[in-house]
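Engineer: Dumping the structure here so I can ask a few things about it.
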Amino acid sequence: MSLTIAIDGPAASGKGTVARALAQRLGYAHLDTGLLYRAVGRKTLEGMAPLEAAQSLSASDVADADALRAPDVARAASRVAAMPEVRAALIGFQRAFAQRMGGAVLDGRDIGTVICPDADVKLFVTATDAVRAARRHKELLGKGHDVTLDEVTADLAERDRRDAARATAPLVPAKDAVLIDTSAMSIETAVRTALDAIRAVQ
Ligand code: C5P
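Structure follows, in structure tokens:
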């Protein structure tokens, strides 16, 4: 049976890692929806209006995932993600992806609540603020970005606040989501916990 799996959670919670691992093990397609908002944010940094950027998004805009991981792009993504018209412009693509034959894993902030409220499995992946900041700091240093742990901590706090406070599609766990706190988990354990939740619905 092919499933639609919705994974939500804050930045650096481990949701992307879990999503990629699940898609690989199950042979499903994977969509990191944060990349869509990052691509829109990046176009606004180049001077395009947010709605136009969202409406004109194409595959080439999300091809360079590394450039989209830069901290200034993350901040711009978080700003455009608070705009209802930008979110609305991206819904159709995400829903079409979720309905792919053969199964799909989507990760983001509002997959289980707004994009795929009928997903077969919903996971909400979290970790403490300190653990998330440490992970993201290490990841950014590894990619050559010159940032301090304090800067990353402040950045995540600001993005969390904006994601949780916005009126449209705020970051909240769906009522029927399985919560996975990865703070003290290895990647293996987090993936195994997710697979157990998936098996439970099959
Ligand atoms: O997950 P990632 O950090 O790449 O997402 C970048 C930004 O895009 C987030 O800070 C969030 O504001 C926004 N986002 C969103 N809804 C999603 C995915 C990402 O609002 N489904």
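Position 37 of the sequence shown, counting from 1, maps to 37 under full-length UniProt numbering, and the rest follow consecutively. Ideal Cβ placement from N, Cα and C applies to all residues, glycine included.
Since I believe Thr17 is in contact with Ile187 (beta carbons under 8 Å), could you give me their beta-carbon distance rounded to a whole number of angstroms?
Structural biologist: Confirmed, about 6 Å.
Engineer: Taking all protein chains shown into account, do 16 or more other C-beta atoms lie within 10 angstroms of the C-beta of Ala96, making it buried, or fewer, making it exposed?
Structural biologist: Classification of Ala96: exposed, given that the 10 Å Cβ count is below 16.
Engineer: Cβ of Ser78 within 7 Å of any heavy atom in the ligand C5P?
Structural biologist: Result yes, Cβ under 7 Å from the ligand C5P.
Engineer: With hydrogens ignored, establish whether the beta-carbon of Arg126 is closer than 7 Å to any heavy atom of the ligand C5P.
Structural biologist: Here the sequence assigns Thr to residue 126, which means Arg is not the residue at that position. Outside the cutoff, so no.
Engineer: Helix, strand or coil: which one does DSSP assign to Val152?
Structural biologist: Looking at Val152 - three-state DSSP - the assignment turns out to be helix.
Engineer: Keeping to the same chain, check which residues put their C-beta closer than 6 Å to that of Ala12; ignore five residues upstream and five downstream.
Structural biologist: Taken in chain order, the residues that qualify are Arg132, Arg135, Arg136.
Engineer: Within the present structure, is the beta-carbon of Ile7 separated from the nearest heavy atom of the ligand C5P by less than 7 Å?
Structural biologist: No; taking the cut-off as 7 Å, the Cβ of Ile7 has no heavy atom of the ligand C5P nearer than that.
Engineer: At the level of alpha carbons, what is the spacing between Ala54 and Leu26?
Structural biologist: Those two C-alpha atoms are separated by around 30 Å.
Engineer: If we ignore side chains and look at the alpha-carbon of each, how far apart do Val86 and Glu52 end up?
Structural biologist: Each residue's Cα considered, the two are about 9 Å apart.
Engineer: Under DSSP, the beta strand (DSSP E) around Ala122 begins and ends at which residues?
Structural biologist: Inspection of the sequence shows that residue 122 is occupied by Lys rather than by Ala. Per DSSP, Lys122 belongs to the beta strand (DSSP E) from 121-126.
Engineer: Counting pairs of beta carbons, one from the segment 66-76 and one from the segment 89-104, are three or more of them closer than 8 Å?
Structural biologist: No, the segment 66-76 is not in contact with the segment 89-104.
Engineer: For the beta strand (DSSP E) that Ile180 lies in, which residues bound it at each end?
Structural biologist: Here the beta strand (DSSP E) through Ile180 covers 178-181.
Engineer: Pick helix, strand or coil for His30, following the three-state DSSP scheme.
Structural biologist: In the structure shown, His30 sits in a strand (DSSP, three-state: E or B).
Engineer: Taking the C-alpha atoms as reference points, what is the distance between Val40 and Ser60?
Structural biologist: Between Val40 and Ser60, the C-alpha separation is close to 12 Å.
Engineer: Apart from the five residues just before and just after Cys116, which ones in its own chain have a Cβ nearer than 6 Å to its Cβ?
Structural biologist: Contacts found: Thr4, Ala6, Ala98.
Engineer: Would you tell me roughly how many angstroms separate the C-alpha atoms of Asp107 and Thr189, rounded to the nearest one?
Structural biologist: About 19 Å.
Engineer: Report the three-state DSSP secondary structure of residue 219 (helix, strand or coil).
Structural biologist: The shown model of the chain, from 1 to 202, leaves out residue 219, and the question about it has no answer.
Engineer: Please list the segments of the beta strand (DSSP E) lying wholly inside the UniProt domain "Cytidylate kinase" (65-199), counting only runs of 3 or more residues, in order along the chain.
Structural biologist: The UniProt domain "Cytidylate kinase" (65-199) contains these whole beta strand (DSSP E) runs: 104-108, 121-126, 178-181.
Engineer: I need the boundaries of the alpha helix (DSSP H) containing Ala54, first residue and last residue.
Structural biologist: Per DSSP, Ala54 belongs to the alpha helix (DSSP H) from 50-55.
Engineer: At what residues does the beta strand (DSSP E) containing Asp8 begin and finish?
Structural biologist: Its beta strand (DSSP E) spans residues 4-8.
Engineer: Using 10 angstroms around the beta-carbon of Lys143, count the other beta-carbons present and answer buried if the total reaches 16, otherwise exposed.
Structural biologist: Exposed, by the Cβ-count rule.
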